[in-house]
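Below is one structure, written out as structure tokens; the observations come after it.
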Amino acid sequence: MDTYLKTMIKELIYLTLFMSLAFSAISLWFLSYGYVLAFVFGLLTAMLNFIANTMVTHFIITKDKDNKRKVLNVLSFAIRTLIIGFIIVAISLYYETYILHYIFGYVSHFMVIVVYSIRTNKKSRR
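Heads up: the sequence shown is residues 1 to 126, going by full-length UniProt numbering.
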């Protein structure tokens with residue numbers, strides 16, 4: 001994998017962990033432990049999904065010169081979507097009230113990506 005991708009993934013992991021710790025520290029005053037755990041689990045699931053997508057896409061782009069592995073990208077997307085769907089169904093079956101916090105945590109990973117892109121743009125302008 002390229003050094004740029006390794007650096008990007010490492011920084012996104014740090015930002016995700018920082019965001020989950022910051023949210024946990026603030027939210028534990030207002031919410032119960034289960035809601036905070038569902039949020040953090042959603043955030044970490046989104047991070048792992050992003051890393052898997054990055055690795056598969058990088059593999060397809062760099063190793064597949066003949067476009068024979070396009071099915072791998074679609075298959076990877078389908079598998080990742082099914083895994084996320086199973087997690088959501090499992091949470092909704094057992095812990096119905098936590099589903100909204102899990103989804104909020106999953107969607108909050110986009111804020112991590114936005115923060116990373118803003119930081120990267122500021123570094124490149126210097």
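Here a beta-carbon is modelled for each residue, glycine too, at the ideal position from N, C-alpha and C.
When we look at the beta-carbon of residue i and count the other beta-carbons within 10 Å, is it buried (16 or more) or exposed?
{"i": "serine 117", "result": "exposed"}
{"i": "leucine 28", "result": "exposed"}
{"i": "histidine 109", "result": "buried"}
{"i": "isoleucine 91", "result": "buried"}
{"i": "tyrosine 106", "result": "buried"}
{"i": "threonine 45", "result": "buried"}
{"i": "phenylalanine 50", "result": "buried"}
Determine the DSSP secondary structure at residue i, reduced to helix, strand or coil.
{"i": "phenylalanine 77", "result": "helix"}
{"i": "tyrosine 95", "result": "coil"}
{"i": "leucine 12", "result": "helix"}
{"i": "leucine 31", "result": "coil"}
{"i": "arginine 119", "result": "helix"}
State the CB to CB distance for the pair residue i and residue j, rounded to an integer number of angstroms; the pair is presumed to be in contact (CB under 8 angstroms).
{"i": "glycine 42", "j": "tyrosine 102", "result": "4 angstroms"}
{"i": "isoleucine 26", "j": "threonine 54", "result": "Between threonine 54 and isoleucine 26 the Cβ distance is about 29 angstroms, and since that is not below 8 angstroms, they are no contact."}
{"i": "leucine 12", "j": "valine 112", "result": "6 angstroms"}
Do you know offhand how far residue i's Cα is from residue j's?
{"i": "isoleucine 61", "j": "phenylalanine 39", "result": "33 angstroms"}
{"i": "valine 74", "j": "serine 20", "result": "30 angstroms"}
{"i": "tyrosine 98", "j": "valine 36", "result": "9 angstroms"}
{"i": "phenylalanine 104", "j": "methionine 47", "result": "13 angstroms"}
{"i": "lysine 63", "j": "valine 56", "result": "10 angstroms"}
8 angstroms is my cut-off, CB to CB: does residue i come that close to chain D?
{"i": "arginine 69", "result": "No chain D is present in this structure, which holds just one protein chain."}
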